[in-house]
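Visitor: Sequence positions in the sequence shown follow the working numbering and run 46 to 345. C-beta: ideal position from N, C-alpha, C; glycine also. Got a structure here, written out as structure tokens. Questions coming.
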Amino acid sequence: MIGQALVDGLLTGGILSLGAIGYSLCSQILRFSNFAHSELLTWGAYIALMVVGSLPLGTPLAPFSFGWPFLVAVLVACICTGFLAIGVDALVFRRLRANGAARLTLVFASFGVALTLRHAVLFFWGGNAQYYSRNLTMAVEILPGVRMLPDQIFVLGLTVVLVVVLHLFLSRSRSGIAMRAMADNPALSRASGIDVAAVIRWTWMLSGALAALAGIFAGLTVQLRPELGFNMLLAIFAAAILGGSGNLFGAVLGGLIVGLAESLSTLMLPTGYKGAVPFVLLLLVLSLRPQGLFSKSSRL
46 MIGQALVDGL
56 LTGGILSLGA
66 IGYSLCSQIL
76 RFSNFAHSEL
86 LTWGAYIALM
96 VVGSLPLGTP
106 LAPFSFGWPF
116 LVAVLVACIC
126 TGFLAIGVDA
136 LVFRRLRANG
146 AARLTLVFAS
156 FGVALTLRHA
166 VLFFWGGNAQ
176 YYSRNLTMAV
186 EILPGVRMLP
196 DQIFVLGLTV
206 VLVVVLHLFL
216 SRSRSGIAMR
226 AMADNPALSR
236 ASGIDVAAVI
246 RWTWMLSGAL
256 AALAGIFAGL
266 TVQLRPELGF
276 NMLLAIFAAA
286 ILGGSGNLFG
296 AVLGGLIVGL
306 AESLSTLMLP
316 TGYKGAVPFV
326 LLLLVLSLRP
336 QGLFSKSSRL
């Protein structure tokens, strides 16, 4: 039973890690907490649903419940959600930055953006639960007494690959190195001739794409609801703060810790208390180590 809880926690933690990385990129480079990040998860998930519904039904790729239309939908949703994030920045946050708005003003503005995006989802797709596929699959025994659905194995494996690819992008590419420079010292980066506008666009694109992936994976392993992203928001914040905001592998570790804590808590507490676990972890981290598990020197 503990082994099953550990595997379920790793799956949840992997999904939270993608959301936490996207949030950390935004908070470290743009210097404010974006509460609308949760709604980018929801929009990414529903954009993928819309694409899946518009493509011809394909034969499921055994042993998974989905076929090639879902894979196409994942790519399209990541791109569209990235551009949605860029568009929100152009309409709201860029104007506020240009007028010298304080960080707290940006945070309050993100609340308004979140409410707008959430109600837009309700308007376009309604409030009923939806699914990418209703095909049933059989769980696979990966360890004695521990079983996972093929879709869950796919999500966990792809999450690992994405984290490695993102690390290579941030450490090897010119755009990634510029983003790291902006995260460490914005003033020096501007003085060094770094294209700040391009870095901000890349930040929003990656943040939106990672949010879309987290939302899609959450929808694939459970179901889609308009409050999908909002329900994950506190856990994502806890993961990002636990790992040290702006730290790639810290966000991954934070997501895994939160996911494991949520899953293991169900062994000792009623399931209804599961949602309180990220809040407790968040309070503990802010009280004992506000800077997170990693120092600023190891960020991004």
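(1) Which of helix, strand or coil does DSSP assign to valine 185?
(2) Measure the beta-carbon distance from alanine 296 to leucine 326 and round it to whole angstroms, keeping in mind my assumption that it falls under 8 Å.
(3) Within a Cβ cutoff of 8 Å, which residues of the same chain sit near threonine 150, ignoring the five residues on either side of it in sequence?
(4) Unbroken beta strand (DSSP E) runs of length 3 or more, entirely within the stretch 256–340: which are they?
(5) Per DSSP, valine 210 forms a beta bridge with which residues?
(6) Might you give, ordered along the chain, the residues of its own chain that have their beta carbon closer than 7 Å to the beta carbon of threonine 57, omitting 5 neighbours on each side?
(7) Round the Cβ separation of methionine 227 and isoleucine 74 to the nearest angstrom and send it over; I've been treating them as touching at under 8 Å.
(8) My output table needs one value for arginine 192: the three-state DSSP class, helix, strand or coil.
(9) State yes or no: is the C-beta of leucine 61 within less than 7 Å of the C-beta of alanine 284?
(10) Just curious, the alpha helix (DSSP H) that proline 114 is in, first and last residue?
(11) So, are the CB atoms of glycine 260 and threonine 87 less than 7 Å apart?
(12) Please identify the residue among Met277, Thr311, Asp196 whose C-alpha is closest to the C-alpha of phenylalanine 19.
(13) I'd like to check one pair, tryptophan 247 with serine 220: are the Cβ atoms closer than 7 Å?
(14) Taking C-alpha atoms, which residue in Leu129, Phe262, Pro335 lies nearest to leucine 203?
(15) To the nearest angstrom, how far is it from the Cα of serine 189 to the Cα of tyrosine 177?
Guide: Based on what the coordinates show:
(1) strand
(2) In fact, because the Cβ distance is near 14 Å, the residues do not count as touching under 8 Å.
(3) Leu141
(4) Counting whole runs of 3 or more residues, the stretch 256–340 contains no beta strand (DSSP E) stretch at all.
(5) Paired residues: none, contrary to the question.
(6) Gly304, Glu307, Ser308
(7) In this structure, methionine 227 and isoleucine 74 form a Cβ contact; the two beta carbons are roughly 5 Å apart against a cut-off of 8 Å.
(8) strand
(9) yes
(10) 113–133
(11) yes
(12) Any answer about residue 19 is impossible in this case: the structure gives the chain only from 46 up to 345.
(13) yes
(14) Phe262
(15) Sequence check: residue 189 is proline here, not serine. Taking the Cα positions, proline 189 is about 30 Å away from tyrosine 177.
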